[in-house]
Structure formats: C-alpha cells, structure tokens
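Engineer: Residue numbers (the working numbering): 659 to 981. All residues carry an ideal CB built from backbone N, CA and C; glycine is no exception.
Right under this line is the structure:
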C-alpha cells in the first residue's frame, strides 16, 4: 500500500516576507551553510537554487514554500508562499501569528541563527586538532534537523550503513509514505507524518530494503509520538542527561543516535556522537594517523570538548567535504 500524496499545489495568496535577526552576525555565512546543505545530490527535502534555500514545511498546519536568503544586514529573509492541497476545505488568506512564529522557529533552529560562535572559535583556535578551522569555515552554523520525528527517523535509517544508501532509504520512505508537491513545475517533498508511519507494518517497509529491525524501530517510534508518550515538547523541556536517557529508552536508539538527535535537533552544545564513523575519519585525517583512533584515544581527544563538543564534531565533519 502506498500512501504517497502527489498533489499540485494551488496558490492561495501572494508571497510574504519574514526577516529573522542573526545572533553574532559577524560569524554567520549563509554561503558556508549552503555548501554544507548542498553536499549531496541525493537530497530531496530541500533545494538550493540561485543562491537561495527552498523547502516546504507545515506551519500551523498550513503547507508553505520557504525561500530563504541572506538579507545582508545581519538578517535572513524568508519569502513565504502559502499553498493549499486542492481537497482541503479550510484555506487562509493570511499567515496566522502562530504560523509566522513557527516559521521563525523552524528556520532559526535549522540554520542555528541564534548561536554565538565567538567562544567556540576562540577555543577551537587554541585546540591543535581544530586550529585553523574557524577561519577556513568562518560563519558556518551547525545545520540542524528542526523536526524531531524526522531527526529520529534519520538516525534510525542511517545506522550501520553508508550515507549514500541512507539517503536512498529515506527517499523511498518519502516516495511511498510522504507527500510530493509541485509548485511552478518544481517538485518538493514533505517527510512522512508520524501517524502515517505508526499505521504501517514492518512488511510494508522491508520490500524497500529496510531491515526488519529498522522497520520495527521506525514504526515503534512513530507509535510513541502518536500515543503522546514521547514528544518534542517533552524533549525540549529536559536537561541534556534527561533527554539522552529518554531517547535511549526508545527502541533502536543507542548512544550515537541519541547524541546525534540532541546535537541536530535538541541543540545541546555538549552532545557528542563519539561512535560516529565520520568523526573518526576526520580525526584520523587531521592527526595523520595510520588507522582510525581507538576508543581510548577518542576519549582522550574529546575529553575537554564539553560545551564545544557539538560544534567541534560538526566542523570536523565539514573537513570531509570538498574544499
């Protein structure tokens, strides 16, 4: 059974613009963020066109196409085009206050617009492993995943497989159970909603090359969210340690997955996905090691990272991309 909804959006109103202030604007580079966001040609949830970032999200229940650009004065501009599914009865001619607030929160969380990098840069330039990276990638923010359910699914999907295949599996999930939207001839995708995945059986995912375990974990996670036993509001109200403990209590979420979610969604600065293969490869290359660092060396290297752990990890990941 395919639950894909492939609709042509109808315009409901003119484009509206929202301006969002950037914290520490001297250390913000929209271009550096675009480089990271454009790292894979398999990406299908956002697009970069003519130096602008485009994505469809739901804001206060209304689908909107966001076109994000650098406003050039310490602010980011978000051009918002509300669109409507033809079969929806309710339509709005104006963005609600709640929708505007949700769009602001989403983009701020996605691009980490409220981060202040000055302390991290000072610390990194004094760290032999990270020295020079602040100047090389100045203004790069830790690109997040603002939707908690999507971040959970992405970590489950990406476990023990390479990044290219993880993108392939995610795209299959979107194609079969998400939404495909056409605006001005361009196709945009919405990630599946928890209630859709919660209603599946593992046998509906395994033909898409999901392992039996991953299929069960995705469904179980969605069911917890639908049942209200786990939510973004709960996670947002917790300390780092509380959030980590709650995440690893979910089926299929271990230490790496929990820290990845707390780094990319939760925005906890101390989140450190220590088991991450990309982090190991970056450390190996930076230190010119003959082999990947073992657990003891990793703990020695990262032991002092503390509140800089998430950004240190992210900047090391950046070194793995083409310059």
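Grab me the residues of residue 936's own chain with a C-beta within less than 7 Å of its C-beta, minus the 5 sequence neighbours each way, in chain order.
Structural biologist: For this step, residue 936 is matched to residue 278 along the chain shown. The residues are 975, 978.
Engineer: Note down, in chain order, each residue of its chain lying with its Cβ closer than 8 Å to the Cβ of residue 814, except the 5 sequence neighbours on either side.
Structural biologist: Here the question's residue 814 lines up with position 156 in the chain shown. The answer, listed in chain order, is 872, 875, 876, 879, 910, 911, 915.
Engineer: Can you tell me whether DSSP reads residue 800 as helix, strand or coil?
Structural biologist: To locate residue 800, count along the chain shown from 1; it is residue 142. Reduced to three states, the DSSP call for residue 800 is coil.
Engineer: Measuring alpha carbon to alpha carbon, tell me which of 852, 780, 843, 821 ends up nearest residue 836.
Structural biologist: One-based indexing of the chain shown puts residue 836 at position 178. Cα-wise, what sits closest to residue 836 is 852.
Engineer: Report buried or exposed for residue 968, applying the criterion of at least 16 other Cβ atoms within 10 angstroms of its Cβ.
Structural biologist: Along the chain shown, one-based indexing puts residue 968 at 310. It is buried - the Cβ of residue 968 has at least 16 other Cβ atoms within 10 Å.
Engineer: What are the partner residues of residue 807, as DSSP defines its beta bridges?
Structural biologist: As a first step, residue 807 is located in the chain shown; it is residue number 149 there, counting from the start. The partner list for residue 807 (beta bridge, DSSP) is empty, contrary to what the question assumes.
Engineer: Taking residue 937 as part of the alpha helix (DSSP H), name the residues at either end of that continuous run.
Structural biologist: Residue 937 sits at position 279 when you count from the first residue of the chain shown. Boundaries of the alpha helix (DSSP H) harbouring residue 937: 935-945, taken from the DSSP string.
Engineer: Can you name the start and end residues of the beta strand (DSSP E) that residue 725 belongs to?
Structural biologist: By 1-based counting over the chain shown, the position of residue 725 is 67. From DSSP, the beta strand (DSSP E) with residue 725 extends over 720-728.
Engineer: Can at least three beta-carbon pairs, one atom from the stretch 856-870 and one from the stretch 891-900, be found at a separation below 8 Å?
Structural biologist: no
Engineer: Report the residue ranges of all alpha helix (DSSP H) runs contained in full by the stretch 800-888; include only those spanning at least 4 residues, in chain order.
Structural biologist: Correct list: 806-815, 821-835, 852-856, 870-885.
Engineer: Report the three-state DSSP secondary structure of residue 711 (helix, strand or coil).
Structural biologist: Stepping through the chain shown from its first residue, residue 711 is reached at position 53. Residue state, collapsed to three classes: strand.
Engineer: Drop a sphere of 10 angstroms on the beta-carbon of residue 776, count the other beta-carbons inside from all chains shown, and report buried for 16 or more, exposed for fewer.
Structural biologist: For this step, residue 776 is matched to residue 118 along the chain shown. Counting Cβ neighbours within 10 Å, residue 776 comes out exposed, since fewer than 16 surround it.
Engineer: Closer than 8 Å is the cut-off here; do at least three beta carbon pairs connect the stretch 776-788 with the stretch 798-805?
Structural biologist: no
Engineer: Residue 962: buried (16+ other C-beta within 10 angstroms of its C-beta) or exposed?
Structural biologist: Taking the chain shown and counting its residues from 1, one reaches residue 962 at position 304. Label assigned to residue 962: exposed.
Engineer: Would you say residue 907 and residue 884 are within 7 Å of each other, going by their C-beta atoms?
Structural biologist: Numbered from 1 along the chain shown, position 249 holds the residue referred to as residue 907. Numbered from 1 along the chain shown, position 226 holds the residue referred to as residue 884. No; because the gap between Cβ atoms is not below 7 Å, this pair is not in contact.
Engineer: Please state the DSSP three-state secondary structure of residue 749.
Structural biologist: Residue 749 sits at position 91 when you count from the first residue of the chain shown. Unreliable placement is indicated for residue 749, whose pLDDT of 46 sits below 50; no coordinate value is reported for it.
Engineer: State buried or exposed for residue 965, treating a residue as buried only when at least 16 other CB atoms are found within 10 Å of its CB.
Structural biologist: As a working note, residue 965 is residue 307 in the chain shown. Under this definition residue 965 is an exposed residue.
Engineer: Helix, strand or coil for residue 758, going by three-state DSSP, please let me know.
Structural biologist: Against the chain shown, residue 758 aligns to sequence position 100. Residue state, collapsed to three classes: helix.
Engineer: Where does residue 705 fall in DSSP's three states?
Structural biologist: Translated into positions along the chain shown, residue 705 becomes position 47. Reduced to three states, the DSSP call for residue 705 is strand.
Engineer: Got a sec, what are the start and stop residues for the beta strand (DSSP E) residue 677 sits in?
Structural biologist: Here the question's residue 677 lines up with position 19 in the chain shown. It spans 674-679 - the beta strand (DSSP E) in which residue 677 sits, taken as one unbroken run.
Engineer: For residue 673, which residues in the same chain have their Cβ closer than 6 Å to its Cβ, ignoring the five residues on either side in sequence?
Structural biologist: Mapped onto the chain shown, residue 673 falls at position 15. Apart from sequence neighbours up to five positions away, the residues of its chain that approach residue 673 with a beta-carbon distance below 6 Å are 737, 739, ordered along the chain.
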